[in-house]
Amino acid sequence: MRLYLINPSNPLVSIVKVRESRWNRYRVWKPLSLMVLAGMTSPDWKITIVDENLGAPDYRAMPRPELVGITAFTSQASRAYKIAGYFRSLGVPVIMGGIHATMCLDEVMSHVDSVVTGEAEGVWPQVLEDARRGSLKRLYDGGLAEIKDVPLARHDLLPAKYAFGAIQTTRGCPLNCTFCSVTAFNGARYRQRPISDVIREFRSVREKRVLVVDDNLIGTRPEHIARAKDLFRAMANAKLKKEWVGQATINFADDEELLTLAAKAGCRGVFIGFESPTEEGLQELGKKFNLLKGRDIRASVRRIQRHNIMIVGSFIIGLDVDQSGIGKGIADMASHYGLDNLNALFLTPLPGTRLWDQMKEDDRIPVNAFPEDWKYYTLTYPVARYTNLSLDAVIHEMISCNRNFYSIPRVLWRLCRNVWQNRAPMINLVGNLSYRSNIQVDCKAYADFKNQRGNCFAGQL
Ligand code: B12
Ligand code: SF4
């Protein structure tokens with residue numbers, strides 16, 4: 138029995154972009170969902186994982202499979218349907234799962250034979266059994282998995298072409314920010330995998346550098362932090378010799394022992410969502426935990442960096458409170474905080490989020506010729522109507538933000554600072570140049586977007 142598990146190419150991270158700038162190699166990440174599915178597939182299935190971001194293969198030259206499974210973020214949906222259409226034309230059953238299939242069930246149902254919603258651990262063995270018997274159901278609802286049932290992912294099934302491996306140690310987030318789909322998809326309860334499983338899986342990751350995909354590595358409560366410390370201790374004791382990056386809240390800075398243990402366990406970078414430089418912006422996004430009274434963010438950032446952990450900060454442009462000048466405002470604030478990298482994104486209504494419901498109700502989603510338009514839902518295109526910023530204005534703010542933060546004087550200043558602080562200056566420089574070189578690529582993408590979809594914003598350019 139032959140099974141293809143396919144990650145459709147993504148406009149944002151595909152190899153095409155890598156050709157535009159070789160730094161983008163660091164943006165092609167492993168599709169962990171498919172490696173997890175493979176980890177709970179019985180050995181009588183011959184599995185091939187196809188990651189189209191490494192280059193789409195000629196499916197016609199590949200042997201006919203008995204089942205095709207496709208994963209997709211929203212931005213990958215239209216490509217996913219093309220792949221599904223091809224295999225279905227051969228009479229091969231196609232099943233789809235992941236975030237988009239869960240949030241846009243009816244649409245996905247109309248393009249594939251069968252859908253798995255939610256986390257797949259509880260239903261995947263049944264899916265395979267039904268496929269073997271030729272009696273796939275139209276819908277399987279995996280809901281939330283028992284965290285101890287998450288299998289060891291098959292890290293051996295993808296080629297060694299990635300800069301980073303990937304692993305997951307927790308699921309869920311109680312914070313339910315308006316723009317994010319994690320709470321709706323993975324639940325509000327923070328679930329932690331058994332530490333022994335994580336260590337065993339880490340050992341099977343081939344890459345020296347690893348992305349820990351958890352949405353919030355340290356959770357929100359004292360017992361979560363205690364468990365994070367236990368995990369870091371176990372990782373250090375296991376002498377994994379991996380360097381890894383993860384995602385956390387700024388609260389990461391508040392516990393010196395946690396930081397020391399994380400660094401010992403190999404933590405070299407964290408991605409932190411600051412989202413907005415203003416309190417009103419944070420309130421609008423429901424990001425309450427960033428509003429901790431009396432927090433000195435610059436000092437918090439410095440505390441993390443003292444452990445040789447770099448910080449990439451994420452901000453969102455296009456909030457209702459954002460006015461002309463917000464782009465430069467974010468760049469200045471990110472520089473003031475002392476961030477190593479800045480990742481600015483457009484406020485984007487993703488299906489299944491509270492933001493989606495609100496914007497839909499207010500008729501503020503003009504880029505809506507779905508499924509084709511899903512390709513613009515990468516958070517790198519302004520797909521919505523923004524309260525105080527026209528299409529041209531919001532694009533201008535984004536460009537101004539990146540040009541300011543990644544200006545040559547600021548890049549050099551950060552380089553010198555990292556040399557002075559003895560903190561991986563070359564990695565910092567590579568990261569900064571990578572973002573800087575993408576500004577040109579982004580400008581071209583905005584021009585194409587306006588050509589293709591500018592008419593949706595009629596009267597608002
Ligand atoms: C790691 C990650 C990335 C990585 C790697 C992505 C990759 N190649 O897989 C990087 C950094 C590249 C990335 C980029 C982006 N990401 Co991201 N990312 C994540 C994150 C944090 C974890 C994903 C993960 O690996 N989970 C672990 C696996 C095991 O879980 P899973 O994917 O959910 O898979 C399970 C089920 O969904 C199901 N399943 C999944 N696929 C399939 C397929 C079949 C056939 C079946 C049966 C079941 C099934 O089974 C699995 C086991 O239970 C999620 C948040 C989250 N908690 O999911 C956001 C998330 C997926 N990302 C999101 C977004 C928006 C983006 C970006 C668009 C943002 C940006 N500009 O940076 C880009 C676009 C990239 C793209 N390909 O579209 C959104 C997607 C929302 C949506 N509706 O699409 C999420 C949900 C976060 C959020 N804030 O809402 N991301
Ligand atoms: S943005 Fe981060 S903190 Fe907010 S709900 Fe999503 S995962 Fe949780």
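To convert, take the position in the sequence shown, counting from 1, and add 137; that gives my numbering.
Cβ atoms here follow ideal geometry from the backbone N, Cα and C, with glycine treated the same way.
Since the structure is predicted, the reported quantities are computational estimates derived from the model, not experimental observations.
Are the beta-carbon atoms of M535 and I454 separated by less than 8 Å?
-> yes
Count the CB pairs spanning the stretch 532–547 and the stretch 228–245 that are closer than 8 Å, and state whether there are at least three.
-> no
For A217, which option in G235, G228, P200 has the closest C-alpha, if you only look at C-alpha atoms?
-> G235
In angstroms with no decimal places, state the Cα-to-Cα distance between G259 and N569.
-> 42 Å
Tell me whether R590 sits in a helix, a strand or coil according to DSSP, three-state version.
-> helix
Proximal residues to V231 (C-beta, below 7 Å), its chain only, five neighbours per side dropped | V205, I207, A221, F224, R225, V249, D250
W493 lies in the alpha helix (DSSP H); which residues open and close that run?
-> 491–498
Does the distance from the CB of V382 to the CB of D352 come in under 8 Å?
-> no
Using the beta-carbon count (16 or more within 10 Å), is I545 buried or exposed?
-> exposed
Candidates R522, Y514, A506: which alpha carbon is nearest E498's?
-> R522
With burial defined as no fewer than 16 other Cβ atoms inside 10 Å of the residue's Cβ, what is the status of D293: buried or exposed?
-> exposed
Which of the three DSSP states, helix, strand or coil, is assigned to K285?
-> helix
So W381 is in the beta strand (DSSP E); what residue range does that whole segment cover?
-> 380–384
By the 10 Å Cβ neighbour count, where 16 or more other Cβ atoms means buried, how is R340 classified, buried or exposed?
-> exposed
State the Cα-Cα distance for the pair T485 and T315, rounded to the nearest angstrom.
-> 10 Å
Simplified DSSP assignment, three categories, for R614 = There is simply no residue 614 to check, as the chain begins at 138 and stops at 598 in what is shown.
What are the residues that DSSP puts in a beta bridge with G302?
-> V347
Please indicate yes or no: does the CB of V382 lie closer than 7 Å to some heavy atom of the ligand SF4?
-> no
If you draw a straight line from the alpha carbon of N147 to that of N505, how long is it in whole angstroms?
-> 18 Å
Could you spell out where the alpha helix (DSSP H) holding G222 opens and where it closes?
-> 214–226
Cut-off 8 Å between Cβ atoms - residues of its own chain near R439, not counting five sequence neighbours on either side | G475
Can you tell which of Y543, S212, M199 has its C-alpha closest to the C-alpha of L227?
-> M199
In the DSSP assignment, find the alpha helix (DSSP H) that holds I467 and state where it starts and stops.
-> 463–474
Neighbour-count burial assignment, S272, 16 or more Cβ in a 10 Å radius = exposed
Could you tell me if P145 is buried or exposed, where buried requires 16 or more neighbouring beta carbons within 10 angstroms of its beta carbon?
-> buried
Start and end of the beta strand (DSSP E) containing V449?
-> 447–454
Please confirm whether any heavy atom of the ligand SF4 lies closer than 7 Å to the CB of V407.
-> no
Residues proximal to the ligand SF4 by C-beta, any heavy atom closer than 6 Å | C310, L312, N313, C314, C317, V319, T320, D352, N353, G410
Close Cβ partners of P202 (< 7 Å) along its chain, the five nearest in sequence each way excluded = R139, L140, Y141, V229
From the DSSP output, in three-state form, read off Y523 for me.
-> coil
Excluding sequence positions up to five away, which residues of its chain have a Cβ less than 7 Å from the Cβ of P331?
-> K285
Does the ligand B12 have a heavy atom nearer than 7 Å to the CB of W166?
-> yes
Counted within 10 angstroms of its Cβ, other Cβ atoms place M233 as buried (16 or more) or exposed | buried
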